[in-house]
Amino acid sequence: MELILSPSHMKKIRYQFIFYITLISFLISIVHIYSTSLLFALPFFYVCFMCGYQSIIGYAIGLGIGVIFLDVPYDVFVISAISFVILEFCLLFQSMKSRYVPYLLTLIGGIYYAYIQIDLLSTLLLTILTYINTMIFTSLTPIFMHGEAELLTHERMKALTVVILICTMGLLPYSQMSTMILIRIFILIMIYHECLDDLLPGLFYSAMLMLLMDLGYKDDILSFLLPLFFFYMIPCHKKSTIVSLYFVSHLILPFFLDFQYTYHGFIVVASGLIFFILPMRLHKPVLSSSYQEMTFKQQLSKQVDSFCHLFEQMTALFTKAPAPNRSLEYVGYIYEDMCQNCSSQTTCFHKKYGPHRLVKLMNKGLKESYSEADEDFIHQYCLNPEKYLALVQQYRKDYRKIRRVQEEYKVMKNDLYHQFSLLNHVFHQFSHQLEIGHIEEKHIYEHMEGYHFQLAHLKKYYESQSVYYLEIGLYDMTREEIENEFIPILEAYLNETLDVEVIKTPMHQLGYTYLVLKHHTRYFIQYGVSQCAKESIACGDSYTIFSMNENDYFALSDGMGQGQKASDDSSLTLDVMKQLITNGISLNDTIQSVNALLKIKNRNDMFTTVDMIEINLVNGVTTFMKYGACPTYILRDHEIIEVESKTLPMGIVSPLETMIQKQTLKENDMIFMVSDGFSGHFREFLKDNEYLIGDDHPKDIAHLFMTLANDEQRNDDMTIMVLKICKQ
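Each residue of the sequence shown is one higher than the one before, starting from 1 at the first, in UniProt numbering.
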């Protein structure tokens, strides 16, 4: 990438680029079909035109060498010059888009073929081939511009194969044997890099062009095409196995063509041995291995989906169902102890008319105390009222114990139901993120093409976790359109700001625009923390500071009470929140998950306050999340801005209402986060001591304020966190 490479290295790359352009234009100028090389030279001219004037100069030099030294018809040079004038005219008046240029060049070529009086069928064929070659060559523009192996998609690999083989074909009239050796070495290299599927289309197309050059090449073409089918049946990965199969596969040739053992045998042996001794190290596949990444993502997504299904099943176990009526069970116990052998048993438990009121009063007595009227009724109609009342009172105690356990179980069941539902939602969200992934190259491609922008190349380079470059290649775009349309749409889609580092528009709307955008943080945070524990064992306040992408997080938690238990509770809260956020879980899901965890862990005996700040280092937008926490204060130009939220601590109620506030911070703003160990009048405390701050570092300010607060009183654990927003 241009911004990453050193200037000397970039200069070397530019010289190499001009050299390659000159070499390619020279080689394709000597490939003749029907005594003309225009069907190859004109498409390559357009690629050079898109890349800028340096490329055109290299093209002209290569073409001139062919005209001067190898008697290439100067007509190709003249037609290229005419095409250049026409395209410059279109460029001047902005009268054409780049997608129409292949049609224009095809028309120019067709007129020339008719002018040199080739027969009608041949003229039509050459015109069609000119258009096809133009489309093939044009697809390689990003590779010529950037020279990066990462740009080799399957389509571009096929096109590059055609270009390489056409350049090699230029040597046919001068040394047929050397050309065939070079073609075979190229085929073996492609097989070694596992690019056989991308090789064959270009190879067949080039074979057709060779036959158009001279039908006498038929046997040579068959001699390198037929053995390829062996490599489809037997995959090879090592040089030794490739060369061995290569030699064996040629044993079939005498059955299909006029095989000359001296000529063909030398070509086969020489090409195989040269390939074998060539120093090649396969560091990584020539083509992108994104399909492997996608396969891994699909496997991981399936695992996450299975977890989602598991949690759905577990959640179903805790769905709210009507609780069983336990009182009827205890009525049955009373019946067994007292009524089973009673002479009035059939009257009280009548099968047809239902239970007597005495039975209903049993049920009532298990749940509440009897009224005076109820006791009078029992004494009047029960044969043994004293035993009746004694048994009801005895089982009432057991029933109420079971009832309390049942109520506690119901509360716990509801909490578990909520927690499993929340985890199920988190897993679904994670599965969705895996399916979509981060907004990377392919997503930007799809989005921007939806706005009818023609992206030829897009690559993302990460300099750090929050700083990256977007290197983009565009067709049909002027500088004004890029600045006023393309970049704003891209920023809106990414929800991020992008700075323009490089815009190169060699030929404006008919050329290939090279664009580099930079996304980076504009702010950094200076911070200082000071703590003071009421007990010497441990401080019940905990804090954490971490980063995720382009956000910095600062969190403060106060465990209920003092000492080690409060410290463990508050540190657990912050640690779980940090782990969830850094693993991509949203703030709302993080808060609900931690709240449910605390509520279940100690059965309403564990409460912690949470005071968290998320600061976006690109735009300064700050998110405040406060649960049972003290107000936070922003000091800006001697003005104090208070951010407070009257909410309960975490671990009391579930689900927890999400309370999020946002502020856009400015340079030199200072934020003060404190625990409730400070007095409730921290605003006045800050106002009285503001003159002491000056330009001190937040670390010094935190220690100073802690010292001043300790001089007044210390009734609880105390923590102060001071943040300062600084410009990069």
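In this text, a Cβ means the ideal position worked out from N, Cα and C, and glycines have one as well.
- Message: Distance check for Thr-22 and Ser-55, CA to CA, integer angstroms please.
- Response: Rounded to whole angstroms, Ser-55 to Thr-22 spans 8 Å at the Cα level.
- Query: What's the call for Met-507, buried or exposed, on a 16-neighbour Cβ count within 10 Å?
  - Reply: Buried, because 16 or more other Cβ atoms sit within 10 Å of the Cβ of Met-507.
- Task: Could you spell out the range, first to last residue, of the alpha helix (DSSP H) harbouring Ser-95?
- Result: Following the DSSP letters along the chain, one finds Ser-95 in no alpha helix (DSSP H), marked with neither H nor E.
- Item | Other residues of its chain near Phe-84: CB distance less than 8 Å, five sequence neighbours each side excluded | When the five nearest sequence neighbours on each side are left out, the beta carbons in the same chain lying within less than 8 Å of the beta carbon of Phe-84 are those of Phe-45, Phe-49, Ile-56, in order along the chain.
- Item | Helix, strand or coil at Gln-16 [DSSP, three-state] | Gln-16: helix per DSSP, three-state reduction.
- Task: Identify the continuous alpha helix (DSSP H) that holds Ile-187 and give its terminal residues.
- Result: It spans 176 to 192 - the alpha helix (DSSP H) in which Ile-187 sits, taken as one unbroken run.
- Compare the Cα-Cα distances from Met-560 to each of Thr-609, Asn-551, Leu-580 and report the closest residue. Relative to Met-560, the option among Thr-609, Asn-551, Leu-580 whose CA is nearest is Thr-609.
- Message: So, at 6 Å on beta carbons, what are the nonlocal neighbours of Asp-611 in its own chain, with the 5 sequence-adjacent residues on each side left out?
- Response: Cβ neighbours of Asp-611 beyond the five flanking positions: Leu-556, Lys-626, Ala-629, Met-673.
- Message: For Ser-675 and Asp-541, I'd like the C-alpha separation in whole angstroms.
- Response: Roughly 7 Å between the two C-alpha positions.
- Message: Counting C-beta neighbours from all protein chains within 10 Å, is the total for Glu-293 16 or more, i.e. buried, or is it exposed?
- Response: Residue confidence for Glu-293 is low, a pLDDT of 44 falling below 50, so the modelled location carries little weight and cannot support an answer.
- Item | Same chain, Cβ closer than 7 Å to Leu-226, five either side skipped, listed in chain order | For Leu-226, the CB contacts under 7 Å within the same chain, skipping 5 residues up- and downstream, are Ile-252, Leu-253, Phe-256 in chain order.
- Query: What is the residue span of the beta strand (DSSP E) that Tyr-512 lies within?
  - Reply: Per DSSP, Tyr-512 belongs to the beta strand (DSSP E) from 512 to 519.
- What is the C-beta distance between Ile-472 and His-457, in whole angstroms, given that I count them as a contact (C-beta under 8 Å)? Correct: roughly 7 Å between the Cβ atoms.
- Query: Looking at C-beta atoms only, is the number of pairs between the stretch 94 to 104 and the stretch 65 to 77 that lie closer than 8 Å three or more?
  - Reply: In short, these stretches do not touch, since the Cβ pair count stays below three.
- What's the call for Leu-708, buried or exposed, on a 16-neighbour Cβ count within 10 Å? Result: exposed.
- Message: Tell me which residues share the same chain as Phe-19 and place their Cβ nearer than 7 Å to its Cβ, disregarding the 5 neighbours each side in the sequence.
- Response: Once the five neighbours on either side are set aside, Phe-19 has no close Cβ partner at all.
- Message: I'd like to confirm the pairing. Which residues does DSSP put opposite Ser-547 in its beta bridges?
- Response: Beta-bridge pairing links Ser-547 to Asp-552.
- DSSP state of Ser-223 mapped onto helix, strand, coil: Note: Ser-223 maps to helix in three-state DSSP.
- Message: Within a Cβ cutoff of 8 Å, which residues of the same chain sit near Thr-347, ignoring the five residues on either side of it in sequence?
- Response: Counting only Cβ-Cβ distances below 8 Å, and skipping sequence neighbours, we find His-356.
- Task: Closer than 7 Å by C-beta to Asn-595: which residues in its own chain qualify, once you throw out the five before and the five after it? Chain order, please.
- Result: Answer for Asn-595: Met-650, Gly-651, Ser-654, Leu-656, listed in chain order.
- Task: Note down, in chain order, each residue of its chain lying with its Cβ closer than 6 Å to the Cβ of His-519, except the 5 sequence neighbours on either side.
- Result: Apart from sequence neighbours up to five positions away, the residues of its chain that approach His-519 with a beta-carbon distance below 6 Å are Tyr-468, Glu-496, Leu-498, ordered along the chain.
- Neighbourhood of Ala-207 by C-beta distance below 6 Å, restricted to the same chain and skipping five residues each side: Correct list, in chain order: Ile-221.
- Message: Let me check understanding here. Comparing Cα to Cα, which of Tyr-475, Met-448, Asp-568, Phe-554 lies closest to Ala-492?
- Response: The option with the nearest alpha carbon to Ala-492 is Met-448.
- Cutoff 6 Å; reference Ser-290; Cβ partners in own chain excluding five residues on either side: Only weak support is given to the placement of Ser-290: the predicted model assigns it a pLDDT of 42, under 50, and the value that follows is read from those uncertain coordinates. Excluding five sequence positions before and after Ser-290, none of the CB atoms of its chain fall closer than 6 Å to its own CB.
- May I ask you to report which of helix, strand or coil DSSP gives Cys-195? In this structure, Cys-195 counts as coil in the three-state DSSP scheme.
- Message: I'd like to know whether the C-beta atoms of Ile-164 and Leu-151 end up nearer to each other than 8 Å.
- Response: Against a cut-off of 8 Å, the Cβ pair of Leu-151 and Ile-164 comes out as no contact.
- Query: With a CB to CB cut of under 6 Å and the five nearest residues on each side skipped, what residues in its chain are close to Thr-123?
  - Reply: The beta carbon of Thr-123 sits closer than 6 Å to the beta carbons of Tyr-113, Ala-114 from its chain, once the five residues preceding and following it are set aside; these are given in chain order.
- Spatially closest choice to Ile-334 from Arg-396, Met-280, Asp-374, by CA coordinates: Here the closest residue by C-alpha is Arg-396.
- Whose C-beta lies closer than 6 Å to the C-beta of Val-576 among residues of the same chain, with five residues either side of it excluded? Only Val-594 meet the Cβ criterion.
- Query: Grouping DSSP H, G and I as helix and E and B as strand, with all else coil, what is Ser-371?
  - Reply: Taken through DSSP and simplified to helix, strand or coil, Ser-371 comes out as coil.
- Query: DSSP on Asn-363, reduced to helix/strand/coil?
  - Reply: In this structure, Asn-363 counts as helix in the three-state DSSP scheme.
- Query: Excluding five sequence neighbours on each side, which residues of the same chain lie with their C-beta closer than 7 Å to the C-beta of Ile-693?
  - Reply: Within the same chain, Ile-693 has close Cβ partners Ile-701.
- Message: Nearest by alpha-carbon distance to Ile-191: which of Met-135, Cys-167, Met-233, Tyr-205 is it?
- Response: Ranked by Cα distance from Ile-191, the options Met-135, Cys-167, Met-233, Tyr-205 are led by Met-233.
- Task: In the DSSP assignment, find the unbroken beta strand (DSSP E) run with Asn-616 in it and report its ends.
- Result: Judged by DSSP secondary structure, Asn-616 falls within the beta strand (DSSP E) whose first and last residues are 608 to 616.
- Nearest-angstrom Cα distance between Leu-574 and Val-162? One C-alpha to the other measures close to 59 Å.
- Query: In chain order, what residues of the same chain lie with their CB nearer than 8 Å to the CB of Leu-63, ignoring the 5 residues before and after it?
  - Reply: Close CB contacts of Leu-63 within its chain, under the 8 Å cut and outside five residues either way in sequence, are with Ser-25, Phe-26, Ser-29, Ala-41, Val-72, Val-76, Phe-77, Ser-80 (chain order).
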